[in-house]
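Peer 1: This structure is in structure tokens; I'll ask about it shortly.
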Amino acid sequence: MTLSLASPRPGGNPFEVEHPERLSPEEIVDLFVAEYSGVEVIKKRKHTFIWGTRGSGKSMLLRYLEPRCKAIVHKREGQTWEEGIHNFLTSDQPFLGVRIACKEGYFNKSELLLMEKPVALILTEHMMNLSLAASVFRTLDEQFPKGFLQLDAQSMLVRKATGLFSPASIAGSVESANKLVDGSKEPLRWASELFNAELRKISAYLRDQAFPHRQVIYEGATSGYHDFLLPLAGYVQHLPGLDKVPVYFLIDDADRLRTDQQQIINTWMANRDQQYLCIKAAAQIHEYKTFHTRDGWLLETPHDYTEHSIEELYSGHRDDYTKKVRAIAKKRLGLARIDKEPEDYLPPDPEQDALLGEMKKAAEAEWEKVGCPGRREDFVHRYAVARLFQELRRTKKRRNYAGFANLVHLSSGVVRSFLEPCYLMYDNMASRGREAEARSYIPPNVQQHVVFNYSEDFILDDLEKIRKDLTPDKFTLLDCLETLLRSLSGLFYERLTDPASREARVFSFTVRDKLSEKARDVLQLGERYRYFQVRTYSTKEGGGREKWYILNRRLCPVYKLDPTGFEGRISLTSSLLDMALEDPQKFIRLRLKAQDTAQPELFSLAQGDDGA
Amino acid sequence: MRNNKFDFRDFIAAGGLCPVDGGQDDLFVACASFEERSRASALCLSKSYRARRVFLYVNREFQDLPETRSNIEFFQATLKSITDDFSGIVSGSWERADEQFRVLRDGLAPAGVVDHSKSITLDITTFNREALLSALAILRWAYPRGRIRLVHVTPEEYNRRGRQEFERIRANLEKSQDMQVPRQSQYVWLSRGFRKLRNAIGFPGEQKPLLPSLLILLPGFEVERALTIVENQEPSRVLLGRSVDHMQDVFHRRHLESKAAILQLLRGRQPVEEFDFSCTDIRSCEATLESIVCRHREGNNIFVAPMCAKIGVVATYLVAERHPEVQVTYCVPGEYNVHDYSSGMSMIAYFDLPPRISDHATT
């Protein structure tokens, strides 16, 4: 058996990945960059949804909130993690983070389809409660120093928790736990095994009711929120040493639950018992299918929950995102014993970098020539890169997207989209016998080769993959999305490479009037598969906020666009957007005409810094 | 567990398939699909073959395809002559796990558990993998003392038309020196897309909270479907199988190409380890899986996704039957290449599963 990948290690690929589940608390703390991660928002005593696509770092974030990681973070110089736990619990916002994963197949089991829906729901909630309970006890047992909780207190907690069930209903599981662990010596481990045995009982029941030998009766316990989860959290809070520390249930991959199972989580949140327990649910927003509770109430923010979007950091605070990625890259390079700054390790193409320098000087001269409008830095920032693209078009050369800053932009707010191409760059060199060189830096041509393929995969392979996910009646929508991407990228490219363009680096758009049904469906599809990121902005006319669509920067290399562009947004009429879904040439032609003749009814340009 | 392999034509010439115990089988089970080899088991029955009851399953999503209709007609004509109890075809749904399972359960075990010896022939050739897992689980539950013989026929070729078309286009483009050669996967494919990932009914596994998840993936020829499982399961580690053999060398090469493509695409995203397994020998494949499960079960929640040839699916079934903690995962594709999946019949293999409960054991 050959190990292909592992976590970053001395001498290895600095961008190797390891699943957070496999990392030790020490490794989590080593690798996690807390700054700009949203930890400050999430650790507040409120129910929270944490939104992020795959690879955006949700699981890492939740693991970072577990007690032992918090203890490591809070230990002072010369202290052990055991001492750190005291520091954390006496800090201004202590909590007990208990994590469960809802991976595919953990709770949404096919056997539930064979049962009546109300019965399936009761069993599902019980399964979730048992998983949380098993995690509570395992967390208390493994993530606190030995002796932190007195044996008497542990036993008392276990007695109270098991007392929430009738003894007869858990008798079999008690027996199973007794076989594995001496409850008088290790009560927390014993309780964890007890709840695991109860979970096994449910699995066995699910199997048996699919193959009924005779009438199959579920003989285990059942539990709900008010009769189990809430009192359990209360008991935990009263443990000596954990005085009134709320329990945070960290529910990872909540998007993997079925709709009715997500309603269970929503119902827990709707109870607003934050003084005892908080739900922190991490999910992909488009896969979280409902905000309704089981009783049909709609969960509302900010009354019922707050939310944190991991990718918002990029679209809302790009500098912070760059700092975060730099810190991650720096940590990873350090762990791989590569003593380089990320900018030096991933240098830009020297020729194009020099050309950009020339364009900056030219832009400075241009600023003076046109009467010094605004600040010189802003003028140079606005026009130098555009002039570079114009020069590249004139000389029929492609933009080289090498360089740390470009790679950060191309990742469009998803850390994995930065790490993955970097991994492939290193791997590309190692596989060609150039590992020694790769330990010094990644040459720009290798960077360019990898990011171009990465971009091409997104537009060629991924669109094809999506097509296969859709039913044939939706194929038209996908074709329209592909056309829309060509229309928009064509438009943005024309603007970018037009020397007369005032706002050349426009990269996003809004729609002024009511979307057609088709356009709405296409935009939803594009948003779901991350071809667009969506923000909102306040309308000048008042009356609320409107959607603002930003192209995914991973598309830039294929469409020859500037990934750093973010200035302003084009406002389109819905009829023009409909045209963009059908005919890129006509759309772009009209745009050029509109610019020449300043037809404001077709286009208008707004500054891009008023989004939220 | 015997493991016999023969050239398909030689096998027919030598007399064909006889009942399990010489007399007559209690049950003959097959699945009619869009593949030509779907009718192979009926084709190769010996002249004296008889079964007390016959159960013919079809997925209704494919039932009206001309290829399937033709196979159904052939089955109906042939099977009527070998039994007095053939009530016709029973259709389930490939998309709906619960319906598929119920239909199979009602059809295969109408009387529930039968606690005496039975001889059963199950043609596993063109059952989709999930239906096969269900069929095996139902038969082993309903007939614990049953001797089940599994019959499997490999095709001569997969994607014959697509491969020819791709070669023709490539040759033309090479002549015209056009560099835009299309991707082979546009023409040579078995299934595409993704509808759903789910556990096969009867194999929910037992997951312990906080344990990392481990996916044992037995790949076949379907790269994208295997990647979809990994993407949706997000296991903390993948054990990727590398077949050491196949019924034909050409299939083995294709498997290795697919496995290499999966490995390449997972790099940078996912920790992966590789292991060797057999695609021709159930016992060997079962032993491999057994050893992996035993090694990892204490510290992991284990998922097995058999995407490989049916022999690997049966081996997975046998291991999961012994290890209720293992979840068997199935990925429902977007579509099958129904008009160009496979062609011809090349080899036939049959395997006997011993009774789950022997006559000497007590229940």
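Going down the list, the protein sequences come from chains E and F.
With the numbering used here, the residue at position 391 of the first sequence is 439, and numbering never jumps.
With the numbering used here, the residue at position 206 of the second sequence is 393, and numbering never jumps.
Glycine residues also receive a C-beta, built at the ideal position from the N, C-alpha and C atoms.
No experiment lies behind these values; they were computed from the predicted model shown.
Distance, Cα to Cα, residue 171 of chain E vs residue 109 of chain E?
Peer 2: Taking the first residue of the first sequence as position 1, residue 171 of chain E is located at position 123. Taking the first residue of the first sequence as position 1, residue 109 of chain E is located at position 61. C-alpha separation (whole angstroms): 29 Å.
Peer 1: Between the C-alpha atoms of residue 71 of chain E and residue 114 of chain E, what's the straight-line distance to the nearest angstrom?
Peer 2: On the first sequence, residue 71 of chain E is found 23 positions in, with the first residue counted as 1. On the first sequence, residue 114 of chain E is found 66 positions in, with the first residue counted as 1. Going by the C-alpha atoms only, they are around 13 Å apart.
Peer 1: What separation, rounded to the nearest whole angstrom, lies between the Cα atoms of residue 394 of chain E and residue 152 of chain E?
Peer 2: For this step, residue 394 of chain E is matched to residue 346 along the first sequence. For this step, residue 152 of chain E is matched to residue 104 along the first sequence. Going from the Cα of residue 394 of chain E to the Cα of residue 152 of chain E covers about 37 Å.
Peer 1: Going along the chain, which unbroken runs of the alpha helix (DSSP H) with 4 or more residues stay wholly within the segment 256-286 of chain E?
Peer 2: Listed in chain order, they are 278-285.
Peer 1: Considering Cα atoms alone, identify which of F:385, F:301, F:268 and F:320 is closest to residue 291 of chain F.
Peer 2: Locating residue 291 of chain F in the second sequence gives position 104, counting from the first residue. For the residues F:385, F:301, F:268 and F:320, the minimum Cα distance to residue 291 of chain F belongs to F:320.
Peer 1: By DSSP, does residue 532 of chain F sit in helix, in strand, or in coil?
Peer 2: Numbered from 1 along the second sequence, position 345 holds the residue referred to as residue 532 of chain F. Coil at residue 532 of chain F, not helix or strand.
Peer 1: CA-CA distance, residue 486 of chain F and residue 395 of chain F?
Peer 2: Mapped onto the second sequence, residue 486 of chain F falls at position 299. Mapped onto the second sequence, residue 395 of chain F falls at position 208. About 9 Å.
Peer 1: Identify the contact partners of residue 159 of chain E in chain C, using a Cβ-Cβ distance below 7 Å as the criterion.
Peer 2: Protein chains E and F are contained in the structure displayed, whereas chain C is not.
Peer 1: Regarding residue 480 of chain E and the ligand COA, is the C-beta to nearest heavy atom distance less than 6 Å?
Peer 2: Looking for the ligand COA in the displayed structure turns up nothing, as the structure carries no ligands at all.
Peer 1: Run through the segment 49-114 of chain E for me and flag every whole beta strand (DSSP E) of 3 or more residues, listed as ranges in chain order.
Peer 2: Fully enclosed beta strand (DSSP E) runs of 3 or longer: 96-99.
Peer 1: Spatial neighbours of residue 255 of chain E within its chain, please: C-beta separation below 8 Å, excluding the five flanking residues on both sides.
Peer 2: Against the first sequence, residue 255 of chain E aligns to sequence position 207. Taken in chain order, the residues that qualify are 159.
Peer 1: Quick check on the burial criterion: 16 or more other C-beta atoms within 10 angstroms. Buried or exposed for residue 469 of chain F?
Peer 2: Here residue 469 of chain F is taken as the residue at index 282 of the second sequence, counted from 1. Its Cβ being crowded by 16 or more others within 10 Å, residue 469 of chain F is buried.
Peer 1: Do residue 336 of chain F and residue 539 of chain F have their C-beta atoms closer together than 7 Å?
Peer 2: As a first step, residue 336 of chain F must be located in the second sequence, where it is residue number 149. As a first step, residue 539 of chain F must be located in the second sequence, where it is residue number 352. Contact flag set, yes.
Peer 1: Please confirm if residue 50 of chain E has its CB atom under 7 Å from at least one CB of chain F.
Peer 2: Translated into the one-based positions of the first sequence, residue 50 of chain E becomes position 2. Residue confidence for residue 50 of chain E is low, a pLDDT of 32 falling below 50, so the modelled location carries little weight and cannot support an answer.
Peer 1: With which residues is residue 149 of chain E paired in a DSSP beta bridge?
Peer 2: As a first step, residue 149 of chain E must be located in the first sequence, where it is residue number 101. Paired residues: E:300.
Peer 1: At which residues does the beta strand (DSSP E) containing residue 328 of chain E begin and terminate?
Peer 2: Indexing the first sequence from 1 puts residue 328 of chain E at position 280. Note, residue 328 of chain E: beta strand (DSSP E), 325-331.
Peer 1: Would you decide whether residue 220 of chain F is buried or exposed? Buried here means 16 or more other CB atoms lie within 10 Å of its CB.
Peer 2: Position 33 of the second sequence, counted from the first residue, corresponds to residue 220 of chain F. When all chains shown are included, residue 220 of chain F counts as buried.
Peer 1: Should the segment 399-417 of chain E be regarded as contacting the segment 501-508 of chain E, the criterion being three or more beta carbon pairs within less than 8 Å?
Peer 2: The answer is no - the segment 501-508 of chain E does not touch the segment 399-417 of chain E, with fewer than three Cβ pairs under 8 Å.
Peer 1: I want to see whether chain E comes within less than 7 Å of residue 395 of chain F, judged by CB atoms only; does it?
Peer 2: The residue given as residue 395 of chain F occupies position 208 in the second sequence. Closer than 7 Å to some Cβ of chain E, the Cβ of residue 395 of chain F qualifies, so yes.
Peer 1: Just list the residues that DSSP pairs residue 194 of chain F with in beta bridges.
Peer 2: The count along the second sequence starts at 1 and reaches residue 194 of chain F at position 7. According to DSSP, which records beta bridges pairwise, residue 194 of chain F is partnered with F:534.
Peer 1: Residue 442 of chain E: buried (16+ other C-beta within 10 angstroms of its C-beta) or exposed?
Peer 2: If you number the first sequence from 1, residue 442 of chain E lands on position 394. Residue 442 of chain E should be labelled exposed.
Peer 1: For residue 492 of chain E and residue 341 of chain F, what's the separation of their Cα atoms in angstroms?
Peer 2: On the first sequence, residue 492 of chain E is found 444 positions in, with the first residue counted as 1. On the second sequence, residue 341 of chain F is found 154 positions in, with the first residue counted as 1. Distance between the alpha carbons of residue 492 of chain E and residue 341 of chain F: 49 Å.
Peer 1: What's the call for residue 460 of chain E, buried or exposed, on a 16-neighbour Cβ count within 10 Å?
Peer 2: Residue mapping note: residue 460 of chain E aligns to position 412 of the first sequence, counting from 1. Classification of residue 460 of chain E: buried, given that the 10 Å Cβ count is 16 or more.
Peer 1: Measuring straight from C-alpha to C-alpha, what distance separates residue 505 of chain F and residue 477 of chain F?
Peer 2: Counting from one through the second sequence, the residue named residue 505 of chain F turns up at place 318. Counting from one through the second sequence, the residue named residue 477 of chain F turns up at place 290. Roughly 9 Å separates the two Cα atoms.
Peer 1: Would you check if there are 3 or more beta carbon pairs closer than 8 Å linking the segment 439-447 of chain F to the segment 393-413 of chain F?
Peer 2: In short, these stretches touch, since the Cβ pair count reaches three.
Peer 1: Can you pull out the residues from the segment 183-199 of chain E whose beta carbon lies closer than 7 Å to at least one beta carbon of chain F?
Peer 2: Correct list: 183 and 186.
Peer 1: Check distances from the C-beta atoms of the segment 59-70 of chain E to those of chain F and list, in chain order, the residues that come in under 9 Å.
Peer 2: Against chain F - using a Cβ distance shorter than 9 Å - the residues of the segment 59-70 of chain E are 61, 63, 64, 65, 66, 67, 68, 69 and 70.
Peer 1: Since residue 313 of chain F and residue 224 of chain F are thought to touch, with beta carbons under 8 Å apart, how far apart are those beta carbons, to the nearest angstrom?
Peer 2: As a working mapping, residue 313 of chain F is identified with position 126 in the second sequence. As a working mapping, residue 224 of chain F is identified with position 37 in the second sequence. About 7 Å; that satisfies the 8 Å criterion.
Peer 1: At a CB-CB cut-off below 7 Å, which residues of chain F make contact with residue 248 of chain E?
Peer 2: Position 200 of the first sequence, counting from 1, holds the residue named residue 248 of chain E. Within chain F, the residues near residue 248 of chain E are 393.
Peer 1: Relative to the C-alpha of residue 621 of chain F, which candidate in F:212, F:286 and F:515 has its C-alpha closest?
Peer 2: With chain F covering only 188 through 550, there is no way to say anything about residue 621 of chain F.
Peer 1: May I have a chain-ordered list of the alpha helix (DSSP H) segments no shorter than 4 residues that lie completely inside the segment 257-328 of chain F?
Peer 2: The segment 257-328 of chain F contains these whole alpha helix (DSSP H) runs: 284-295.
Peer 1: For the beta strand (DSSP E) that contains residue 217 of chain F, what are its first and last residues?
Peer 2: Position 30 of the second sequence, counted from the start, is the residue given in the question as residue 217 of chain F. Counting along the chain, the beta strand (DSSP E) containing residue 217 of chain F begins and ends at 212-218.
Peer 1: Would you verify that the beta carbon of residue 254 of chain E is, or is not, closer than 7 Å to some beta carbon of chain F?
Peer 2: As a working mapping, residue 254 of chain E is identified with position 206 in the first sequence. Judged by the 7 Å Cβ criterion, residue 254 of chain E is in contact with chain F.
Peer 1: If contact means a Cβ-Cβ distance below 8 Å, which residues of the segment 475-493 of chain E contact chain F?
Peer 2: Of all residues in the segment 475-493 of chain E, 475 have a Cβ within less than 8 Å of some Cβ in chain F.
Peer 1: Which stretch, first to last residue, makes up the alpha helix (DSSP H) that contains residue 463 of chain E?
Peer 2: One-based indexing of the first sequence puts residue 463 of chain E at position 415. Start and end: 463-479.
Peer 1: Measure how close the beta-carbons of residue 311 of chain E and residue 341 of chain E come, nearest whole angstrom, since I'm counting them as under 8 Å.
Peer 2: Taking the first sequence and counting its residues from 1, one reaches residue 311 of chain E at position 263. Taking the first sequence and counting its residues from 1, one reaches residue 341 of chain E at position 293. Going by Cβ atoms, the distance from residue 311 of chain E to residue 341 of chain E rounds to 6 Å, so yes, they are a contact pair.
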